[in-house]
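Chains as they are written, first to last, in full-length UniProt numbering: chain Z, 1 to 232; chain H, 1 to 232; chain U, 1 to 232; chain W, 1 to 232.
Protein chains: 4
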Amino acid sequence: MTALDNLPPEVRDDVARAREKVARLHAELPRWGLVVWTAGNVSERVRVPGGEDLLVIKPSGVTYDELTPESMVVCDLDANLVDGDRGPSSDTAAHAYVYRHMPEIGGVVHTHSTYATAWAARGEEIPCVLTMMADEFGGPVPIGPFALIGDDSIGRGIVETLSDSRSPAVLMRNHGPFTIGRDATAAVKAAVMVEEVARTIHISRQLGEPVPIAAEHIDSLYARYQNVYGQH
Amino acid sequence: MTALDNLPPEVRDDVARAREKVARLHAELPRWGLVVWTAGNVSERVRVPGGEDLLVIKPSGVTYDELTPESMVVCDLDANLVDGDRGPSSDTAAHAYVYRHMPEIGGVVHTHSTYATAWAARGEEIPCVLTMMADEFGGPVPIGPFALIGDDSIGRGIVETLSDSRSPAVLMRNHGPFTIGRDATAAVKAAVMVEEVARTIHISRQLGEPVPIAAEHIDSLYARYQNVYGQH
Amino acid sequence: MTALDNLPPEVRDDVARAREKVARLHAELPRWGLVVWTAGNVSERVRVPGGEDLLVIKPSGVTYDELTPESMVVCDLDANLVDGDRGPSSDTAAHAYVYRHMPEIGGVVHTHSTYATAWAARGEEIPCVLTMMADEFGGPVPIGPFALIGDDSIGRGIVETLSDSRSPAVLMRNHGPFTIGRDATAAVKAAVMVEEVARTIHISRQLGEPVPIAAEHIDSLYARYQNVYGQH
Amino acid sequence: MTALDNLPPEVRDDVARAREKVARLHAELPRWGLVVWTAGNVSERVRVPGGEDLLVIKPSGVTYDELTPESMVVCDLDANLVDGDRGPSSDTAAHAYVYRHMPEIGGVVHTHSTYATAWAARGEEIPCVLTMMADEFGGPVPIGPFALIGDDSIGRGIVETLSDSRSPAVLMRNHGPFTIGRDATAAVKAAVMVEEVARTIHISRQLGEPVPIAAEHIDSLYARYQNVYGQH
Chain Z
1 MTALDNLPPE VRDDVARARE KVARLHAELP RWGLVVWTAG NVSERVRVPG GEDLLVIKPS
61 GVTYDELTPE SMVVCDLDAN LVDGDRGPSS DTAAHAYVYR HMPEIGGVVH THSTYATAWA
121 ARGEEIPCVL TMMADEFGGP VPIGPFALIG DDSIGRGIVE TLSDSRSPAV LMRNHGPFTI
181 GRDATAAVKA AVMVEEVART IHISRQLGEP VPIAAEHIDS LYARYQNVYG QH
Chain H
1 MTALDNLPPE VRDDVARARE KVARLHAELP RWGLVVWTAG NVSERVRVPG GEDLLVIKPS
61 GVTYDELTPE SMVVCDLDAN LVDGDRGPSS DTAAHAYVYR HMPEIGGVVH THSTYATAWA
121 ARGEEIPCVL TMMADEFGGP VPIGPFALIG DDSIGRGIVE TLSDSRSPAV LMRNHGPFTI
181 GRDATAAVKA AVMVEEVART IHISRQLGEP VPIAAEHIDS LYARYQNVYG QH
Chain U
1 MTALDNLPPE VRDDVARARE KVARLHAELP RWGLVVWTAG NVSERVRVPG GEDLLVIKPS
61 GVTYDELTPE SMVVCDLDAN LVDGDRGPSS DTAAHAYVYR HMPEIGGVVH THSTYATAWA
121 ARGEEIPCVL TMMADEFGGP VPIGPFALIG DDSIGRGIVE TLSDSRSPAV LMRNHGPFTI
181 GRDATAAVKA AVMVEEVART IHISRQLGEP VPIAAEHIDS LYARYQNVYG QH
Chain W
1 MTALDNLPPE VRDDVARARE KVARLHAELP RWGLVVWTAG NVSERVRVPG GEDLLVIKPS
61 GVTYDELTPE SMVVCDLDAN LVDGDRGPSS DTAAHAYVYR HMPEIGGVVH THSTYATAWA
121 ARGEEIPCVL TMMADEFGGP VPIGPFALIG DDSIGRGIVE TLSDSRSPAV LMRNHGPFTI
181 GRDATAAVKA AVMVEEVART IHISRQLGEP VPIAAEHIDS LYARYQNVYG QH
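Okay, structure coming up:
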């Protein structure tokens, strides 16, 4: 009997739904060219009324062809394994830290997508020079600190950087992007979009400087888009 | 009973054919790498003899896996919904403006394809230095103004820019390409080709300056190609 | 009754085999990312003992989804249609010119593949700085002249440029690559390889100068490779 | 009767398993965009207790659509054919040299993957500026010497360069990457990862200099990762 059996049936149903959703969303990462081999991970929070929330994430080192709802693992928000046949992704501690410190966040994604990681390697934020970027990010995509794996420093770097920004994406220096969202789908969308703007603006800058967008136009694009699409 | 039921049967048949065609053509956008996630939209005009024309377009926020003829929406040329279960794409007003002001145009496409958008971010027209570009575009691909969504300024920018050009594509500054055509297929072809020339000429310029093509050669290539292929 | 019916049965069989092969090889062009939309064409010579040779090529303006052996068209070496339901590709005159003037050549391919065309737009030959390029091309890939479609100037430019080179590929200025081979398969392989070396050497030069390979090493790599693989 | 029939049944089973595995792993090369046409090869060592080890590798010039376990060939560690219907890949001598001189190595992969080969053409090592690169490579990816095919010089260049490095990948100058691993799967993973870091760091450097990672951080990332994942 696993620790899951002690949870109310509604929460067990939510865990089952999150496993299915997280497994399905992982397939979006190679589909949009964001990961190679077994890199990258998607997680979703499962809310436990009157208890401690859980998260569902990919196990460590599993290939994208092997991903099934059953293979997804369940952890508590200290990254301890609650249910699953394999160990959780080694990035689980960073996901868990975000859920502990950002209660409104329901999904986290991490990739090493090429162009976003290229900006991260230079430690240079992505300037907001596209209307689609104003819509989705409301300004530049910020750089988080260099942090080693093994303690809370990656999670803390994500939370501190995103707390000062409208952006749902942070580029951890020399490492790669982490994205957040209301749920796992929104975090995956942010992972797709951060690579899209990282690539397009990189290519634009190869032959000169993009034209800036005035701050008030960024504000008005962001306000309108979040109003129209924010509820999804 | 929807407003469609008041139309003559031939027009209702044309609407059904346009829904099928527009749904099918949307699949060309991810196929040629022009869009990610739910971005991009294709529309086609439906002519209504003795009445006001209609347009068929993708609904807002629908993924490419969900696109069916039935999910396509019908609007009038003021972008009001005439038939459909969901709201039209937020770019519908720009498409409708083009149809109102360019009566010979039967199809419009909008994407954020990477290389075309990279030129748009710098506000720099694409020079005509390839014979295939002379064939299809008859000269440079022009830049349209910066314009906010929410009124007629995007549509007006497209129409004013394309009225001075042979090109079926305009790069809206800091935004991305819009393309037009006799029908939706021709507009999709122009969307594929503008990304192709944007990419090839970008890459060529990374290591030096492309050799210009003399204006009279551009004219003769364009005249010949439009004569041979223009009727399709 | 078409002109094909006047040919000996063995030649009619060869035409049928060439139609199947040329249709199948066209699918290699989008597979390796060499073409978009309906661009690009592959042809193969059919030898007619005691008569005038024929060529099999893609018809004009047909999409890659519609390519079948039956839709391939047969022309004589003056590019006149001999058999087929549609007009031949508008590049047929260039293919035919090559077959008329290079009797040992059995296949021709034309694409606008991105990196090869980028070198062509600058009118700059691709230097031989990779061992795989020494193997396949035996030296640089040369630039052909600027030539307008409509007379023999493209075909003549291809033949004159390749006559001075070991390379099976020529980059026609402001236009794109043409490749030749013993048969259509060899010409398609050359089209794939010229884009591969165009891309790799472009990328290498973006961050500095590739190390040259000594002429005697190029010669020895080419001699060995052609000896081992040349018969295929 | 082939030479395989003289081997103990367990070794014949190991050969059969290696053929299946090597055939399957070849499909990973085009999947991750590392090869075009018939380029690239994967091999695995088969240990023969009390005898001389064997290797299993792709035959020469076979397309990726034709790869089956039965078509894989078996050679001894002097690159002589032991079993198979076709000749071994022309790179077999280099693979065999590695197995002869690095007894702990069980898999070797060679590709001409674009970005890794671009660094190889400049003769420039890839600096370690990404945490994922510290994890997998423990430092820069080194450059091996220019070497002609036909004797032991490629194999010797690989072994001498990798003996001085933690990296499982070497970029042979003007040629391309060779990677090694405990088995063929690990060598394929290294081939995927070397292209990934070659591409990301190339793109990062196009717009400036990546921030270095301190040597002690590289050491700690490498030690942790090899400890966690090294046994797979």
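For each residue, glycine too, the CB sits at the ideal point set by N, CA and C.
These numbers come from a predicted model, not from an experiment.
Does DSSP put residue i in a helix, a strand or coil?
{"i": "N227 (chain W)", "result": "helix"}
{"i": "V22 (chain Z)", "result": "helix"}
{"i": "T179 (chain H)", "result": "strand"}
{"i": "P69 (chain U)", "result": "helix"}
{"i": "H95 (chain H)", "result": "helix"}
{"i": "R82 (chain H)", "result": "According to the sequence provided, residue 82 (chain H) is Val. The question's Arg does not apply to it. V82 (chain H) falls in the strand class under three-state DSSP."}
{"i": "E44 (chain Z)", "result": "strand"}
{"i": "I218 (chain H)", "result": "helix"}
{"i": "P49 (chain H)", "result": "coil"}
{"i": "V56 (chain U)", "result": "strand"}
{"i": "V36 (chain W)", "result": "coil"}
{"i": "V74 (chain U)", "result": "strand"}
{"i": "V15 (chain H)", "result": "helix"}
{"i": "P145 (chain U)", "result": "coil"}
{"i": "A103 (chain Z)", "result": "Checking the displayed sequence, the identity of residue 103 (chain Z) turns out to be Pro instead of Ala. Coil."}
{"i": "P30 (chain Z)", "result": "helix"}
{"i": "P9 (chain U)", "result": "helix"}
{"i": "A3 (chain Z)", "result": "helix"}
Buried or exposed: where does residue i fall if 16 or more other Cβ atoms within 10 Å of its Cβ makes it buried?
{"i": "A3 (chain U)", "result": "exposed"}
{"i": "E136 (chain W)", "result": "buried"}
{"i": "V84 (chain U)", "result": "Per the sequence shown, residue 84 (chain U) should be read as Gly rather than Val. By the neighbour-count rule (16 or more Cβ atoms within 10 Å), G84 (chain U) is buried."}
{"i": "T68 (chain W)", "result": "exposed"}
{"i": "G150 (chain Z)", "result": "exposed"}
{"i": "A93 (chain W)", "result": "buried"}
{"i": "P59 (chain U)", "result": "buried"}
{"i": "T38 (chain W)", "result": "buried"}
{"i": "G51 (chain U)", "result": "exposed"}
{"i": "R205 (chain H)", "result": "buried"}
{"i": "A184 (chain H)", "result": "buried"}
{"i": "G208 (chain U)", "result": "exposed"}
{"i": "residue 245 (chain U)", "result": "Since the first and last residues shown for chain U are 1 and 232, residue 245 (chain U) lies out of range."}
{"i": "P140 (chain H)", "result": "buried"}
{"i": "P9 (chain U)", "result": "exposed"}
{"i": "A134 (chain H)", "result": "buried"}
In chain order, what residues of the same chain lie with their CB nearer than 6 Å to the CB of residue i, ignoring the 5 residues before and after it?
{"i": "residue 233 (chain U)", "result": "This structure gives no information on residue 233 (chain U), because the portion of chain U shown stretches from 1 to 232."}
{"i": "A214 (chain U)", "result": "none"}
{"i": "S220 (chain Z)", "result": "none"}
{"i": "Y97 (chain Z)", "result": "D152 and G155"}
{"i": "A198 (chain U)", "result": "Y115, A116, W119 and I126"}
{"i": "G123 (chain Z)", "result": "I143 and R173"}
{"i": "residue 268 (chain W)", "result": "Because residue 268 (chain W) is not part of the residues shown, which for chain W are 1 to 232, the question remains open."}
With a threshold of 7 Å on Cβ separation, who are the neighbours of residue i within its own chain once the five nearest residues in sequence on each side are excluded?
{"i": "P145 (chain Z)", "result": "G157 and R173"}
{"i": "D14 (chain H)", "result": "V46"}
{"i": "P30 (chain Z)", "result": "Y64"}
{"i": "A186 (chain W)", "result": "G107"}
Looking only at its own chain, which residues have a Cβ that is under 8 Å from the Cβ of residue i, when we skip the five neighbours before and after it?
{"i": "P142 (chain H)", "result": "E125, T161, L162, D164, S165, S167, V170 and L171"}
{"i": "G87 (chain U)", "result": "P59, S60, V73 and L81"}
Legend entry - Ranges of the alpha helix (DSSP H) found wholly within the stretch 109-138 of chain H, counting only runs of at least 4: 114-122 and 131-137
Legend entry - Runs of beta strand (DSSP E) wholly within the stretch 147-216 of chain Z (minimum 3 residues, chain order): 169-172 and 176-181
Legend entry - the stretch 127-156 of chain Z: positions lying closer than 8 Å to chain W by Cβ: F146, L148, I149 and G150
Inset, instruction - Give the residues from the stretch 19-53 of chain Z that approach chain W closer than 9 Å (Cβ to any Cβ), ordered along the chain. - result: V36, W37, T38 and A39
Legend entry - Members of the stretch 154-187 of chain U near chain W, C-beta cut-off 9 Å: none
Inset, instruction - Quick one: which residues of the stretch 198-218 of chain U get their C-beta closer than 8 Å to a C-beta of chain W? List them in chain order. - result: R199, T200, I201, I203, S204, Q206, L207, G208, E209, P210, V211, I213 and H217
Inset, instruction - Please list the residues of the stretch 56-85 of chain U that have a C-beta atom closer than 7 Å to any C-beta atom in chain W, keeping them in chain order. - result: none
Legend entry - the stretch 103-118 of chain U: positions lying closer than 8 Å to chain H by Cβ: H112, T114, Y115, T117 and A118
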